[in-house]
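S.K.: Shown below is the structure under consideration.
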Amino acid sequence: MARRSSLADIGAEQFLVKLPLIDYPRPEPMKTLLLLPAILVAVAMPVVEPVVPSQPLGEHEWVADAGHSSCVFRVKHANASWFMGTFDKVEGKATLDASALDKGSVELTIATESVDSNDKQRDGHLMSPDFFNGKENPEITFKSTKIKAAGKDLEVTGDLSMAGKTKSITISVVFVGEGESRGLRRGYITRFAIKRSDFGMTYGVKKNMLGDDVHMTVSLELVQPK
Amino acid sequence: MDYDVLLRGTAPPIVAALLLVSLAGSRMLPLAMAIGLFVAHGLLKEWPALPQDLWSDPNGVAWLMWGMVAAAMLTLAQHLRLLPARVAPGAAAAVAAVSLWLMLSKVATRWSGVDVSLHVGGGSVLVAATMLTVRIVIARRPVASAQAVAVGALLAVVLSIDAALLVLGKSAFLGQLCGAVAATLGAAVFTVVWRRKFTLYAADGIWIGGAHALFVLAGVHLSYLPWWPAGFALAAPFLLLFVPRGFDQARPLRWLAVAVPLVLVPLLVALWLARPEPNLYDY
């Protein structure tokens, strides 16, 4: 029986992607047939348009497909549970040559106002000077300064800027796969942790109302549109 | 109630006010406010960046704090007769304009020219007008302790309500800083218990009025205080100009009977308009 990953296992400190190994029950044939109309409808639905760059991309240049890229964060509440949220607007671009990944670069931009913690009022507070100071800092950005290749995976060092502060971090980025759908696509995922107090977001840290460690998962689908 | 946070925000200004006003008199009140606000900023979040660092990497809340320090120094210069009284209104207007411009410098980069002239230009006029209005209100009252205590206590309540408004406007930090300013004034007024005298000088209107207008505008532009409650709050001090002249020279209780409703009604309306939805900051 496959071991199920605990939350600690998928924690950022390991910088490794360990997707939970869950034994999903195999669907019964009859149920599969019943699902067929829904699957057909889903297939017929329009695909989210990829980001089309204003200028033609170079041979090794990629843009993030915002419709298939995501940023999820989790932070401990009252030292009792993880609560999760997302940033719904993730954009980025990369220069990656498969034969010389070390010479590449990655830039990521996340709209601060796209934060969604499943509570509009809390989202407003997250945007205030207590946290992201979103009116002054409408974007969270990451700009790589050094890329080290490890096979198809990457170890990326770069400047993470948010809430008006910039800090250099190194993250392990795992190559997920490559495919073709209206352009060549390449997927990467990274998990890392930051201390929000390093970015001046100290609200609720001392009383442990909200944890200082924020665990981020960023999944990027890079595309070279045809 | 988080007593630790409350203590970090209010203890420094209270200690500064009690020490400086008790030892050196009410003229040191603006200095107490500046020290208390600076230390409260440091204990609540982080030590504020110095102005030379803020030029290249601006932060509205830090600039707001330095704007308050500038207003305090201007007041102190008047108290110490380092600045001629006729220059004071112009200097106050300059401090108001520069403070607001710096406070909004980062958000204003994304504004249109119309928005910049409206919010920075119009806002500067508003802050300066509030400073001078509070200055006039204090100047109209007799210098006697009881009269000064009445004005000081009322203005401390006004700043406390501003602090509550800022919390409702989604920023606990701004609210705590404004609460620190209110605590300075409240503690200074309290020294009358053992000093037997308290004086609020007309020049103090510069930092008190400046605090009221700058903090409320910070709530709007740096956080999420809506314009309607902000408008009611901003209008409140101006209504004190409508206290009939006869009441200005009256005993404190008679003056308060007129002044309190004039000021508190718009502030309570502002609180009602900014009233919280359930589960404010409930993580």
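Chains as they are written, first to last, in our numbering: chain A, 3 to 228; chain B, -11 to 271. Cβ atoms here follow ideal geometry from the backbone N, Cα and C, with glycine treated the same way. As the structure is a prediction and not an experimental result, all values here were calculated from the model.
Quick one, which of A:187, A:214, A:222 and A:200 has its alpha-carbon nearest residue 228 (chain A)'s?
M.R.: Residue numbering aside, residue 228 (chain A) sits at position 226 when the first sequence is read from its first letter. With distances taken between Cα atoms, residue 228 (chain A) lies closest to A:187.
S.K.: Beta-carbon separation of residue 158 (chain B) and residue 130 (chain A) under 8 angstroms?
M.R.: Walking along the second sequence from the start, residue 158 (chain B) turns up at place 170. Walking along the first sequence from the start, residue 130 (chain A) turns up at place 128. Cβ atoms of residue 158 (chain B) and residue 130 (chain A): closer than 8 angstroms.
S.K.: Which residues in chain E have a C-beta closer than 9 angstroms to the C-beta of residue 93 (chain A)? List them in chain order.
M.R.: Absent here is chain E; the protein component of the structure consists of chains A and B.
S.K.: Less than 7 angstroms between the CB of residue -9 (chain B) and some heavy atom of the ligand GDP, yes or no?
M.R.: This structure simply doesn't include the ligand GDP, nor any ligand for that matter.
S.K.: Since residue 197 (chain B) and residue 118 (chain B) should fall inside the 8 angstroms C-beta cutoff, what is the C-beta to C-beta distance between them, to a whole number of angstroms?
M.R.: Stepping through the second sequence from its first residue, residue 197 (chain B) is reached at position 209. Stepping through the second sequence from its first residue, residue 118 (chain B) is reached at position 130. So it is a contact: roughly 4 angstroms between Cβ atoms.
S.K.: According to DSSP, is residue 52 (chain A) helix, strand or coil?
M.R.: Numbered from 1 along the first sequence, position 50 holds the residue referred to as residue 52 (chain A). Residue placement at residue 52 (chain A) cannot be trusted, given a pLDDT of 47 that sits under 50; the coordinates are not used to answer.
S.K.: Tell whether a beta-carbon distance below 8 angstroms holds between residue 16 (chain B) and residue 172 (chain B).
M.R.: To locate residue 16 (chain B), count along the second sequence from 1; it is residue 28. To locate residue 172 (chain B), count along the second sequence from 1; it is residue 184. Cβ distance not < 8 angstroms, so residue 16 (chain B) and residue 172 (chain B) don't count as in contact.
S.K.: For a test of the three-state rule: what should DSSP assign to residue 146 (chain A), helix, strand or coil?
M.R.: Counting from one through the first sequence, the residue named residue 146 (chain A) turns up at place 144. Here residue 146 (chain A) sits in strand by DSSP.
S.K.: With DSSP collapsed to three states, give me the class of residue 161 (chain B).
M.R.: Position 173 of the second sequence, counted from the first residue, corresponds to residue 161 (chain B). Helix.
S.K.: I'd like to know if the region 183 to 191 of chain B and the region -1 to 17 of chain B are in contact, where contact means that at least 3 CB-CB pairs between them fall below 8 angstroms.
M.R.: The region 183 to 191 of chain B vs the region -1 to 17 of chain B: in contact.
S.K.: Considering only DSSP beta bridges, list what residue 159 (chain A) is partnered with.
M.R.: Counted from its first residue, the first sequence places residue 159 (chain A) at position 157. Residue 159 (chain A) pairs with A:148 and A:172.
S.K.: Which of the three DSSP states, helix, strand or coil, is assigned to residue 90 (chain A)?
M.R.: The residue given as residue 90 (chain A) occupies position 88 in the first sequence. Of the three classes helix, strand and coil, the one that applies to residue 90 (chain A) here is coil, per DSSP.
S.K.: In chain A, what lies closer than 7 angstroms to residue -6 (chain B) by C-beta?
M.R.: Against the second sequence, residue -6 (chain B) aligns to sequence position 6. Near residue -6 (chain B) there are no residues of chain A at all, since even the closest Cβ is about 12 angstroms away, more than 7 angstroms.
S.K.: DSSP state of residue 201 (chain A), grouped into three classes?
M.R.: Reading the first sequence from its first residue, position 199 is the one you call residue 201 (chain A). It is helical.
S.K.: Along the chain, where does the alpha helix (DSSP H) containing residue 53 (chain B) start, and where does it finish?
M.R.: As a first step, residue 53 (chain B) is located in the second sequence; it is residue number 65 there, counting from the start. Counting along the chain, the alpha helix (DSSP H) containing residue 53 (chain B) begins and ends at 48 to 67.
S.K.: Between residue 87 (chain A) and chain B, is any beta-carbon pair separated by less than 8 angstroms?
M.R.: The residue labelled residue 87 (chain A) in the question sits at position 85 within the first sequence. It does not: the Cβ of residue 87 (chain A) has no partner Cβ on chain B nearer than 8 angstroms.
S.K.: My guess is that residue 52 (chain B) and residue 202 (chain B) are in contact by the Cβ rule of under 8 angstroms, so how many angstroms apart are they, rounded?
M.R.: Along the second sequence, read from residue 1 onward, the residue named residue 52 (chain B) stands at position 64. Along the second sequence, read from residue 1 onward, the residue named residue 202 (chain B) stands at position 214. At roughly 6 angstroms, the Cβ-Cβ gap stays under 8 angstroms, so residue 52 (chain B) and residue 202 (chain B) are in contact.
S.K.: Quick one, which of B:27, B:6, B:132 and B:134 has its alpha-carbon nearest residue -4 (chain B)'s?
M.R.: Counting from 1 along the second sequence, the entry for residue -4 (chain B) is found at position 8. Comparing Cα positions, the closest option is B:27.
S.K.: Applying a beta-carbon distance threshold of less than 8 angstroms, which residues of chain B neighbour residue 131 (chain A)?
M.R.: What you label residue 131 (chain A) is simply residue 129 of the first sequence in a count that begins at 1. Near residue 131 (chain A) (Cβ distances below 8 angstroms), the residues of chain B are 48, 49, 159, 161, 162, 210 and 211.
S.K.: Taking residue 98 (chain A) as the reference, give the member of A:116, A:168, A:201 and A:190 with the closest Cα.
M.R.: Taking the first sequence and counting its residues from 1, one reaches residue 98 (chain A) at position 96. Ranking A:116, A:168, A:201 and A:190 by Cα distance to residue 98 (chain A) puts A:190 first.
S.K.: Alpha carbons only, please: which of A:173, A:153, A:106 and A:113 is nearest the one belonging to residue 90 (chain A)?
M.R.: For the purposes of this step, residue 90 (chain A) is identified with residue 88 of the first sequence, where counting begins at 1. Comparing Cα positions, the closest option is A:113.
S.K.: Given this structure, state the Cα-to-Cα distance separating residue 184 (chain B) from residue 161 (chain A), to the nearest angstrom.
M.R.: The residue given as residue 184 (chain B) occupies position 196 in the second sequence. The residue given as residue 161 (chain A) occupies position 159 in the first sequence. One C-alpha to the other measures close to 58 angstroms.
S.K.: Closest to residue 164 (chain A) by C-alpha separation, out of A:212, A:145 and A:152, would be which residue?
M.R.: Counted from its first residue, the first sequence places residue 164 (chain A) at position 162. Looking at the Cα atoms, A:145 is the closest of the given residues.
S.K.: Please list, in chain order, all residues of the same chain as residue 73 (chain B) whose beta carbon is under 8 angstroms from its beta carbon, the five residues on each side excluded.
M.R.: Residue mapping note: residue 73 (chain B) aligns to position 85 of the second sequence, counting from 1. Excluding sequence neighbours, residue 73 (chain B) sits near 66.
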